[in-house]
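In this note's numbering, the protein residues as written are 132 to 408. As structure tokens, the structure follows; a few thoughts come after it.
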């Protein structure tokens, strides 16, 4: 710039603009200075000291007291038991015993004695009845035993009679016996058995029946003469006759013994519907 320009006199408008700018700059600097002062003062303010208290132990925690328990319910009064009429009557009787007429007491005693006497009479009658019953039962048993003995004696007599008749009879049936006794003795014993059994045979023999047919039975005996087993060995051809003979053998049980008191263990007997001539 030239010196002429520097020393050129300012115009009135230019001087006014310069003052305004200067005032504005001055205001800005004042504002900046004030802000800096405020910032510095805030930064340099001393901090408040920290205060701490030291405790030896924590204070006890207060536990809230439990609520008071409710008062117990008042006991219920037990109902007074009802007084029954019977109790009242008993108490009244205790207080005022009834007066009993002596005649009533006498009648009661007489009735009691009468009942006891009747009871005693019934007991005695019962004992007499039982004794009579036992006596009759004993007599009945004795009579039955006597009749049984008589029947047995009669049966033995009949057997002896039939055996005697069979021993003298002609044409004794053919028989086979077991090992007990001799051949002659066994044959005679079997013949007597046949004669003894025939009295029990009930069968109408048809006309024209051959005298050659026969039914043969095998009988096993116990030492007592009782039959152990009866078996049809050979049928006669007449089924009715065979059944009648088997029934007769059963009715003749037990078989009579020999004169020496023994029996053959096995006896085979033949029965002819028509006797041989």
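Where is the CB? At the ideal position from N, CA and C, for every residue including glycine.
Practice prompt. Look up residue 355 in the DSSP assignment and say whether it is helix, strand or coil.
Written response: Walking along the chain shown from the start, residue 355 turns up at place 224. In this structure, residue 355 counts as coil in the three-state DSSP scheme.
Item to complete: Compare the beta carbon distance of residue 405 and residue 352 with 9 Å and say whether it is the shorter of the two.
Response: Looking up residue 405 in the chain shown gives position 274. Looking up residue 352 in the chain shown gives position 221. No, Cβ-Cβ distance for residue 405 and residue 352 is not below 9 Å.
Worksheet item: What do you reckon, are the CB atoms on residue 399 and residue 319 nearer than 9 Å?
Response: On the chain shown, position 268 is the one that residue 399 refers to. On the chain shown, position 188 is the one that residue 319 refers to. No.
Worksheet item: Which residues bound the beta strand (DSSP E) around residue 332?
Response: The sequence position of residue 332 within the chain shown is 201, counting from 1. Segment: none, residue 332 is in no beta strand (DSSP E) and carries neither H nor E.
Practice prompt. With a cut-off of 8 Å on the beta carbons, I'd call residue 379 and residue 344 a contact; round off their distance for me.
Written response: Here residue 379 is taken as the residue at index 248 of the chain shown, counted from 1. Here residue 344 is taken as the residue at index 213 of the chain shown, counted from 1. Wrong, their Cβ atoms sit about 17 Å apart, outside the cutoff.
Practice prompt. Report the option in 272, 365, 382 and 271 whose CA atom is closest to the CA atom of residue 324.
Written response: Here residue 324 is taken as the residue at index 193 of the chain shown, counted from 1. Considering only alpha carbons, the answer is 382.
Worksheet item: How long is the line joining the alpha carbons of residue 392 and residue 281, rounded to whole angstroms?
Response: Residue mapping note: residue 392 aligns to position 261 of the chain shown, counting from 1. Residue mapping note: residue 281 aligns to position 150 of the chain shown, counting from 1. Computed Cα separation, rounded: 21 Å.
Item to complete: Let me know if residue 234 comes out buried or exposed under the rule of 16 or more other beta-carbons within 10 Å of its beta-carbon.
Response: Within the chain shown, residue 234 is the residue found at index 103, counting from 1. The residue in question, residue 234, is exposed, as its Cβ has fewer than 16 Cβ neighbours within 10 Å.
Practice prompt. Specify the secondary structure class of residue 360 as computed by DSSP and reduced to three states.
Written response: The residue labelled residue 360 in the question sits at position 229 within the chain shown. DSSP places residue 360 in strand when its eight states are reduced to three.
Discussion item. Going by beta-carbon coordinates alone, are residue 370 and residue 332 separated by less than 9 Å?
Written reply: Taking the chain shown and counting its residues from 1, one reaches residue 370 at position 239. Taking the chain shown and counting its residues from 1, one reaches residue 332 at position 201. The answer is no: Cβ separation not under 9 Å.
Item to complete: Could you check the C-alpha separation between residue 385 and residue 359 for me, to the nearest Å?
Response: The count along the chain shown starts at 1 and reaches residue 385 at position 254. The count along the chain shown starts at 1 and reaches residue 359 at position 228. Between residue 385 and residue 359, the C-alpha separation is close to 10 Å.
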